Structure formats: C-alpha cells, structure tokens
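Numbering-wise (the UniProt record's numbering), the sequence shown opens with residue 1 and increments by one. Worksheet for the structure shown next.
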Amino acid sequence: MNTFIIAALTLDGKIAKYPEHNSYSWTCAEDKKFFIEKTKDAGVVILGRKTWELIGKPFEDRLVVVMTRRMGQGSGDKGQGIRGVEFTDKSPAEILSDLENRGFKGAAVAGGAEVYAEFLRADLVDEMFITVHSIIFGEGIDFVSGVEIDNFDVLDTKMFGSKSCLLHVRHRV
Ligand SMILES: NC(=O)c1ccc[n+]([C@@H]2O[C@H](COP(=O)([O-])OP(=O)(O)OC[C@H]3O[C@@H](n4cnc5c(N)ncnc54)[C@H](OP(=O)(O)O)[C@@H]3O)[C@@H](O)[C@H]2O)c1
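Here it is, written out as structure tokens:
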C-alpha cells in the first residue's frame, strides 16, 4: 500500500485562512488537475470529517473514507448512505490495513491538518505531494503542528505556471 499526503500550502505554511476556507477557492488550475489525477491513481481519498463537510459530495471514481470519532451520531457521519463515501472511527493504521485487505494499492491522505498530523505521527506516510502557492495568508491553519519529522527527502519538483511549485518528497528507507 502506497500512502501519500496531498496538500496545497501557502508560503507561510497554511492550508486554509479560516476553518471554512475551501482550498478549491485559492489553488491554481494545474494543482486541481494534479489532485484529480493523483487521487484517481490511488483510488482512495482519506479525509477528516471537517474537510469532508466542506466538500460534501463524493469524488468521481474514488472511494472517500471520512474519519470521525462520532460514528452513529448525525454530527459526525453526516452523509452516511452517499455512494462512494464511507465513515470510520478506526485508527489510521487500521484504515490502511482494511483498504489493503480490500485490494487497494494506494491511499491519498487529503487533509485537513488533524488528519495529516495523525498519519505522519503514526509514521504511515510514504510520500508527500505538496504544492506551494506563492501567497501568504498571514493567519490560518498550519499544514501540521505537534509533529516533528526529519526523514523525508525531496525527489522532484515541478512548476505549475509561475505562481506554484509542486514538491514531491519521499520517506527515507
Ligand atoms: N490546502 C489543502 O490542501 C487542504 C486540504 C484539506 C483540508 N484543508 C483545510 O483544512 C481545514 C480542516 O482541517 P482540520 O484539521 O480543522 O480538520 P480535519 O482534519 O479535516 O477534520 C478533523 C476531524 O476529523 C476527525 N478525526 C481526525 N482524526 C481522527 C481519528 N484519529 N479518528 C477518528 N476521527 C478523526 C474528527 O472528526 P469528528 O469531530 O467528527 O470526531 C476531527 O474533528 C479546512 O479549512 C480545509 O479547507 C486544506
């Protein structure tokens, strides 16, 4: 199972300016295209409940797994029954193991900050695809906090126009 983080960041390391700030509104077209391609390759997109609620609809040709600690409570698993969307209160390791048993070869961990930190803290991330956009929010939600890591190497970079750069980093083996 290849597990990767996919995220859009500002120059000041933010993934949103405020909790309801949807990244779709500030990321570039190339990055949106890359997100679709990359997550379709994986076949599974793992989201935190807060990010799911901002998106609110399934992704074409991808299973969406929503993490919530409030399974069975309408507030946690709002959207139960939507085709292509599953809710779980399992740990990151259990989620990946279940997906592997079901034959999935990859999983995209697509945020938000709490979910990124959970997977990194558990050392379950093989790669990261981080698009840095040349803007500064000056406030907002950090990509990750409360996690200290120094075991990733930069594998590749790619410009998306003149304002954004994709950074591909991989866990050192
Ligand atoms: N720029 C980007 O690339 C990007 C990508 C994604 C999201 N975002 C932004 O990130 C923000 C949201 O991030 P966030 O950190 O506030 O929230 P989040 O990570 O989207 O969701 C947090 C919620 O996920 C659930 N959760 C987290 N860890 C869990 C675990 N181990 N087990 C079970 N449930 C777990 C909990 O849901 P319950 O409260 O239901 O228990 C928790 O409240 C939004 O502004 C969004 O736009 C940006």
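Don't be surprised by glycine CBs; every beta carbon is placed ideally from N, CA and C. Here the structure is a predicted model, which is why all the values come from computation and not from measurement.
Within 10 angstroms of the Cβ of residue i, are there 16 or more other Cβ atoms? Answer buried if so, exposed if not.
i: residue 18; result: exposed
i: residue 24; result: exposed
i: residue 83; result: exposed
i: residue 11; result: exposed
i: residue 49; result: buried
i: residue 56; result: exposed
i: residue 94; result: exposed
i: residue 6; result: buried
i: residue 51; result: buried
i: residue 132; result: buried
i: residue 72; result: exposed
i: residue 27; result: buried
i: residue 161; result: exposed
Assuming residue i and residue j are in contact, meaning their beta carbons sit under 8 Å apart, how far apart are those beta carbons, in whole angstroms?
i: residue 172; j: residue 152; result: 7 Å
i: residue 3; j: residue 155; result: So it is not a contact: roughly 15 Å between Cβ atoms.
i: residue 140; j: residue 8; result: The Cβ separation is near 12 Å, so there is no contact.
i: residue 39; j: residue 67; result: About 16 Å; that fails the 8 Å criterion.
i: residue 86; j: residue 65; result: 5 Å
i: residue 59; j: residue 92; result: The Cβ separation is near 20 Å, so there is no contact.
i: residue 138; j: residue 117; result: That belief does not hold up - the Cβ atoms of residue 138 and residue 117 are roughly 22 Å apart, past 8 Å.
Excluding sequence positions up to five away, which residues of its chain have a Cβ less than 6 Å from the Cβ of residue i?
i: residue 227; result: This structure gives no information on residue 227, because the portion of the chain shown stretches from 1 to 173.
i: residue 114; result: 48
i: residue 70; result: 76
i: residue 90; result: none
Got a sec? Which residues, its chain only, sit under 7 Å from residue i by beta carbon, not counting five neighbours each side?
i: residue 159; result: 165
i: residue 13; result: 142, 143
i: residue 80; result: 87
Counting only the same chain and skipping the five closest in sequence on each side, list residues whose C-beta sits under 8 Å from that of residue i.
i: residue 149; result: 120
For this session: For the stretch 31-103, list the beta strand (DSSP E) runs that are entirely contained and at least 3 residues long, ordered along the chain.
Result: 44-48, 63-67, 85-88
With three or more C-beta pairs closer than 8 Å as the rule, is the stretch 98-116 touching the stretch 75-84?
no
Margin query: Any contact between the stretch 26-33 and the stretch 42-52? By contact I mean 3 or more CB pairs, one from each, below 8 Å.
Written below: no
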